[in-house]
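If you count the sequence shown from 1, you need to add 714 to reach the working numbering. Cβ coordinates follow ideal geometry from the N, Cα and C atoms, glycine included. Here is the structure we will look at.
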Amino acid sequence: MRLEVVRRVAMVAVIPILLALILVTPGLMGRPAVLSAIPALIVGLTDTHVVIDIHGAVDHYLYRSILLHVQGEDNVSFNRTYTEYDSYDLEVNFSRGTSPAYVLIADRQRNTYALNGTVFTGTDEGGDFVSITDRETMRTTVVRTPADVRTLVPRGEGP
């Protein structure tokens, strides 16, 4: 009889414990409490330019800062840094080619997101394509127009 009471009490106690773990775990893992704070990077092509758009992956989110640093193929043809403060997104156009791109984003909860990658555009027998390679993981994503590359910007540290 006593063993059965202990089992029932344990089964009832497990529910609030699991609920508390579900609510506490994102904070312990360093993830933002706000899902909409996770940023997305979209790279697309027009006839003459590369378009990069950075914004919230799930919904609109007002970021503390968004920084995008883009260099030319040879690191001297162009070297630009685009920064927005207290902004929902950042959109940048630049000429086609190979461009190292560095993204650094800070949200309102002082979490930082960083992506260090290379954007490459080209044309082959299949038509125009754009690719982005994450230099940390060496993961490359290639798409053909009119599609665009969509990737999440992972948590990271600034320079």
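Would you grab the beta carbon distance between valine 951 and valine 857 for me? Rounded to a whole angstrom, and I think it's under 8 Å.
Any answer about residue 951 is impossible in this case: the structure gives the chain only from 715 up to 873.
For the beta strand (DSSP E) that alanine 828 lies in, which residues bound it at each end?
Segment 826-838, the beta strand (DSSP E) holding alanine 828.
With 16 other CB atoms within 10 Å as the buried threshold, where does arginine 810 fall?
The residue in question, arginine 810, is buried, as its Cβ has 16 or more Cβ neighbours within 10 Å.
Which same chain residues end up closer than 6 Å to aspartate 773 when comparing Cβ atoms and leaving out the 5 residues on each side of it in sequence?
If we look at aspartate 773 and ignore the five residues flanking it on each side, its Cβ neighbours are Ser750.
In three-state DSSP terms, what is alanine 771?
Reduced to three states, the DSSP call for alanine 771 is coil.
Near glycine 758, which residues of its chain fall below 6 Å by C-beta distance, leaving aside the five closest residues on each side in sequence?
Closer than 6 Å at the Cβ level, and outside the excluded window around glycine 758, lie Val765 and Asp862.
Just to confirm my understanding: we take aspartate 803, look at its own chain, exclude 5 residues before and 5 after, and list those with CB closer than 7 Å. What are they?
Once the five neighbours on either side are set aside, the close Cβ partners of aspartate 803 are Asp767, Ile768 and His769.
What residue does the beta strand (DSSP E) around phenylalanine 843 start on, and which one ends it?
From DSSP, the beta strand (DSSP E) with phenylalanine 843 extends over 841-848.
Among residues of its own chain, excluding the 5 on either side of aspartate 842, which ones have a beta-carbon nearer than 8 Å to its beta-carbon?
Hits under 8 Å: Leu759, Thr835, Gly836, Arg858 and Thr859.
State the CB to CB distance for the pair serine 779 and threonine 797, rounded to an integer number of angstroms; the pair is presumed to be in contact (CB under 8 Å).
Between threonine 797 and serine 779 the Cβ distance is about 7 Å, and since that is below 8 Å, they are a contact.
Looking at the structure shown, is proline 873 part of a helix, part of a strand, or coil, going by DSSP?
A caution first: proline 873 carries a pLDDT of 49, below 50, which makes its placement in the model unreliable, though a value can still be read off. DSSP places proline 873 in coil when its eight states are reduced to three.
Kindly identify the DSSP beta-bridge partner or partners of serine 779.
DSSP, once it has assigned bridges, lists Tyr799 and Ala820 as partnering serine 779.
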